[in-house]
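Undergrad:
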Amino acid sequence: MEFKDYYKILSVAEDADSKAIKTAYRKLARKYHPDVSGHQEAEDKFKEVTEAYEVLKDPEKRAQYDEFRKYGQPSSGREDGRYRSRQFEGDSSGFSGFSDFFSSIFGGAGPSGRPQGQSYGFTSQQAFDQRGQDIETDMPIFLEDTLTDTTKTLSYQLPHREADGHTREINRTLNVKIPAGVANGERIRLKGQGGQGIGSAPNGDLYLRIRLVPHPLFDVEAHNLIITVPLAPWEAALGASIEVPTLTGKIKLTIPANSQTGQRLRIKGKGLVRKQGHGDLYAVLKVVMPDTADDQIKTQWQQLADSAAFDPRKEWRK
Amino acid sequence: MESQYFNFQELCTITALPSQTIIEIVDHGIIEPEGSDPESWLFNTRMVSVTRKAIRLHNDLEIEWSGIALAISLLEELEEVRHENQQLKAQLNRFIVG
């Protein structure tokens with residue numbers, strides 16, 4: 000079990016007064032709040048900061064902690080059950096949002112006023128007849144799979160209340176129907192597939208957060224798709240008829256003569272599925288040069304340069 | 000698939016919040032249900048998650064509702080901008096690489 004230096008976590012001095020501790024906590028809580036922060040480890044950091052504050056804001060807990068910090072263990076003679084949880088250490092840790100270290104000093108109870116559990120922020124306080132916990136989980140979907148209704152197999156973890164009253168994580172697998180036209184960030188609710196209700200209360204729900212998996216060829220803009228189309232300089236100059244991949248196959252595309260890099264050509268109806276109809280596919284043109292040129296090619300470029308009389312930087316000379 | 004909409008009572012139940020709190024959240028425009036009065040309000044799944052976020056911010060950071068309304072709209076804007084930035088970077092990458 001790792002020792003936690005709560006003073007260091009809050010970046011306060013050992014003799015900091017309660018006001019300084021509160022200010023430090025507020026600042027860090029704002030910084031690492033999982034709803035605010037983009038940090039990957041924000042949730043762990045936030046829990047750590049909250050745990051530190053839970054101890055240091057309370058004079059009694061703080062004194063106990065200081066003693067532990069100084070002597071490596073709390074003072075003896077505690078027979079009142081305050082440290083009872085030590086005997087149940089293994090059991091209590093899954094229950095409290097706080098660390099084993101916290102539980103070993105203060106018991107298994109979590110902080111007041113903050114729901115505990117694996118799924119951050121959802122209700123799971125113990126009471127009779129309590130609705131089960133709602134679970135929110137990411138559902139990665141390939142772009143191709145959004146075109147029609149599709150069934151996906153989903154595995155997720157669920158807190159399960161055992162007969163002995165303890166809560167453990169169990170794995171569950173579910174076949175889920177994903178409707179055509181789902182968008183990134185959309186949430187799908189599966190009623191009753193969340194945590195088990197207590198007593199006669201219903202189960203919680205499962206929320207799937209749709210995440211569109213990045214595609215090697217296509218970018219997504221709302222319901223439109225974008226594909227970057229490399230063109231040879233002569234194709235851009237003379238125009239061409241080329242084949243462009245779509246999500247479901249290929250399509251012929253006419254490149255007009257004198258096309259420019261960055262120019263967008265709209266291919267109607269070949270985007271993602273909408274609730275009604277389809278989005279479009281946009282081909283963005285990108286003129287690319289061949290890697291190498293032999294002497295003959297160089298001569299031909301030179302002839303072109305001589306006859307074209309093209310100044311691409313004439314704007315600079317105004 | 001299950002219904003993706005909730006009425007007022009259902010939202011209170013699934014968020015375990017008193018009705019007064021939901022009314023406050025709606026009054027501050029943090030979520031904007033369809034329908035003009037509590038009896039006809041309809042909330043979608045996104046509003047459920049926004050409500051939960053609002054409650055977490057309210058409890059964890061001790062922010063009052065008007066502050067939460069501001070924070071949530073800025074967070075949404077930030078998320079949109081980040082998303083757009085990611086899209087533009089991906090597109091730019093296709094343009095300058097290879």
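Sequence order for the protein chains is A and B.
Once you know that position 201 of the first sequence is 200 in numbering that gives the first Met the number 0, the rest is easy, because the numbers rise by one and skip nothing.
Once you know that position 36 of the second sequence is 35 in numbering that gives the first Met the number 0, the rest is easy, because the numbers rise by one and skip nothing.
Virtual Cβ for every residue (Gly too), placed ideally from N, Cα, C.
(1) Looking at the secondary structure, which residues open and close the alpha helix (DSSP H) in which GLU42(A) lies?
(2) Going by Cα to Cα distance, which pick from THR245(A), LYS3(A), LYS176(A) is closest to THR49(A)?
(3) Within the 9 Å Cβ cut-off, does GLY37(A) reach chain B?
(4) What residue does the beta strand (DSSP E) around ARG156(A) start on, and which one ends it?
(5) Compute the distance between the beta-carbons of LEU224(A) and TYR281(A), then report whether it is under 9 Å.
(6) Just confirm the distance between the C-beta atoms of VAL287(A) and PRO229(A), as a whole number of angstroms; I'd bet it's less than 8 Å.
(7) Out of curiosity, what's the CA-to-CA distance linking GLU143(A) and ARG55(B)?
(8) Alpha carbon to alpha carbon, how far is ALA235(A) from PRO311(A)? Give it in angstroms, no decimals.
(9) With a 10 Å radius around its C-beta and 16 neighbouring C-beta atoms as the bar for buried, classify GLN31(B) as buried or exposed.
(10) Can you give the Cα-Cα distance for THR166(A) and GLY194(A), rounded to whole angstroms?
(11) Under 7 Å between beta-carbons, which chain A residues line up against LEU10(B)? List them in chain order, please.
(12) Sorted by chain position, which residues of the same chain lie with C-beta nearer than 6 Å to GLU13(A)'s C-beta, five sequence neighbours on each side aside?
(13) At the level of alpha carbons, what is the spacing between GLU61(B) and ILE67(B)?
(14) For the ligand MN, is there a heavy atom less than 8 Å away from the beta-carbon of LEU55(A)?
(15) Suppose you measure from the CA of HIS162(A) to the CA of GLY191(A); what does that come to, to the nearest Å?
(16) Pick helix, strand or coil for GLY112(A), following the three-state DSSP scheme.
(17) Quickly, what does DSSP pair TYR70(A) with across the bridge? List them, please.
(18) In the structure shown, what three-state DSSP assignment does THR20(B) receive?
(19) Should GLU135(A) go down as buried or exposed, given a rule of 16 or more other Cβ atoms within 10 Å for buried?
(20) Between TYR31(A) and ILE241(A), what straight-line distance do the alpha-carbon atoms span, to the nearest angstrom?
(21) Check the Cβ-Cβ distances between ALA28(A) and every residue of chain B, and say whether any is below 9 Å.
(22) Using 9 Å as the limit for Cβ to Cβ distance, is PHE94(B) near chain A?
(23) Taking the beta carbon of HIS82(B) as the centre, do at least 16 other beta carbons fall within 10 Å, making it buried, or is it exposed?
(24) Would you call the CB atoms of GLN86(B) and VAL219(A) closer than 9 Å?
(25) What does GLU220(A) reach in chain B if we use C-beta pairs closer than 8 Å?
(26) Give the residues of chain B in contact with TYR206(A), contact being defined as C-beta atoms less than 9 Å apart.
(27) In this structure, does DSSP put THR136(A) in helix, strand or coil?
(28) Using only CA atoms, which one of LYS285(A), LYS274(A), GLY270(A), VAL272(A) lies nearest to ASN257(A)?
(29) So which residues on chain B does PRO227(A) lean against when the C-beta distance must stay under 9 Å?
(30) Answer yes or no: does any C-beta atom of chain B fall closer than 9 Å to that of ASN183(A)?
TA: According to the structure data:
(1) 41-55
(2) LYS3(A)
(3) yes
(4) Sequence inspection shows Gln at residue 156(A); the Arg mentioned does not correspond to that position. First-last of the beta strand (DSSP E) with GLN156(A): 149-160.
(5) yes
(6) 5 Å
(7) So the alpha carbons of these two residues sit roughly 36 Å apart.
(8) 15 Å
(9) The question names Gln, but residue 31(B) in the sequence shown is Glu. Burial call: exposed.
(10) 10 Å
(11) Here the premise fails: no neighbours, minimum Cβ distance about 12 Å.
(12) TYR6
(13) 10 Å
(14) Only the bare structure without any ligand can be found here, which leaves the ligand MN out of the picture.
(15) Here residue 162(A) turns out to be Ala, not His, going by the sequence shown. Looking at the two C-alpha atoms, the distance is approximately 20 Å.
(16) Confidence at GLY112(A) is low in this model, with a pLDDT of 42, below 50, so the placement of that residue is unreliable and no value is reported for it.
(17) Residue pairing by DSSP places TYR70(A) in no beta bridge whatsoever.
(18) Look at THR20(B) here: in three-state DSSP terms it is helix.
(19) buried
(20) 51 Å
(21) yes
(22) yes
(23) exposed
(24) yes
(25) GLN86
(26) Close partners of TYR206(A) in chain B (Cβ separation under 9 Å): THR44, VAL47, SER48.
(27) strand
(28) LYS285(A)
(29) Inspection of the sequence shows that residue 227(A) is occupied by Thr rather than by Pro. In chain order: GLN90, ARG93, PHE94.
(30) yes
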